[in-house]
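*Asks:*
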Amino acid sequence: MTEVTHQISEVQRRVGGRTLAQGEARTMTISRSYDTTVEDLWDACTRPERIARWFSPVTGDLRPGGRFQIEGNAGGTVERCEPPHGFDATWEYGGNASWIEVRLNPQPNGRALLELEHIAHVDDKIWAEFGPGAVGIGWDLGLLGLARYLSSGQAFGPKQGPAWLASADGKLFVSLSGQRWRDANVAAGVSRAEADAAAERCAAAYGGG
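Residue numbers (our numbering): 4 to 212.
#1: Roughly how many whole angstroms lie between the Cα atoms of L144 and A24?
#2: Going by Cα to Cα distance, which pick from P67, G141, V189 and E132 is closest to G19?
#3: Report the option in L107, R185 and P60 whose CA atom is closest to the CA atom of E255.
#4: To the nearest angstrom, how far is the alpha carbon of G212 from that of G89?
#5: Exposed or buried, P135, counting other C-beta atoms within 10 Å across all chains shown (16 or more means buried)?
#6: Which residues in the same chain have their Cβ closer than 7 angstroms to the Cβ of I129, if we skip the five residues on either side of it in sequence?
#7: Any idea what DSSP makes of E82, helix, strand or coil?
#8: Do you know whose CA, among P87, S34, D126 and E85, lies nearest E13's CA?
#9: Run through DSSP, which three-state label would D43 get?
#10: Which first and last residues belong to the alpha helix (DSSP H) in which D38 is found?
#11: Which runs of the beta strand (DSSP E) at least 3 residues long sit entirely within the stretch 87-118? Give them in chain order.
#12: Could you tell me whether the stretch 109-126 touches the stretch 31-51, using the rule of 3 or more Cβ pairs below 8 angstroms?
#13: Whose CA, out of Q110, H124, G164 and A206, lies closest to the CA of T39?
#14: Do you know how far the Cα of E74 is from the Cα of W57?
#15: From E166 to E52, what distance separates their C-alpha atoms?
#16: Can you give the Cα-Cα distance for A200 and A77, rounded to whole angstroms?
In structure tokens:
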């Protein structure tokens, strides 16, 4: 349990908004520092054989303009790639299209900071029903997998994830993540009642309701 609360506290979460050419959008930003260099972090986030160790297998062309597909998850198009500082891509899943922007920056203590912003239209049906936790909990799990992989070299991908999610630690992690995203939603100006209702629906979708 101590590891779960530590992993949750290592992550910063923020909910906001942005004006796009396509209209108004909601944003959720998640960030965490890792005990590695920016170059190694970039490699872990962009080399397919390493991505599969902590997230899920990915296929396709991971270059600007290339299409990619994450096994059992989203696909999309790489729109920008500036190694080792960041990349942008569309995020297409279940008939919904959104965007991700990933930024990597060195820190004074020799660590590296990963910041991921997920951007969705204000009328995105998933966000409207489940709040930022709909994608936020998944990204929390991704950053957890990355932390475990970078610290130990051990895989924490789709083969290991389901069993861990069914454990007491896994259920606690999802619950705490959902609470933190609910709080970030309230901090962004959403009413407590609306944020609570969305968080409850999200928890139920993850099997915690």
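Glycine is no exception: its CB is placed at the ideal position from the N, C-alpha and C atoms.
Remember, predicted model here, so these are calculated numbers, not experimental data.
*Replies:* Taking the structure as given:
#1: 31 angstroms
#2: Of the candidates P67, G141, V189 and E132, V189 places its Cα closest to the Cα of G19.
#3: Outside the shown range of the chain (4 to 212) lies residue 255, about which nothing can therefore be said.
#4: No answer about G212 holds up, because its pLDDT of 49 lies below 50 and its placement is not dependable.
#5: buried
#6: N99 and A137
#7: strand
#8: S34
#9: helix
#10: D38 -> no alpha helix (DSSP H), and no H or E assigned at all.
#11: Taking only runs of at least 3 residues, the beta strand (DSSP E) segments lying wholly in the stretch 87-118 are 89-96 and 99-109.
#12: yes
#13: Q110
#14: 13 angstroms
#15: It should be pointed out that residue 166 corresponds to Ala in this sequence rather than to Glu. Taking the straight line from one Cα to the other gives about 22 angstroms.
#16: 26 angstroms
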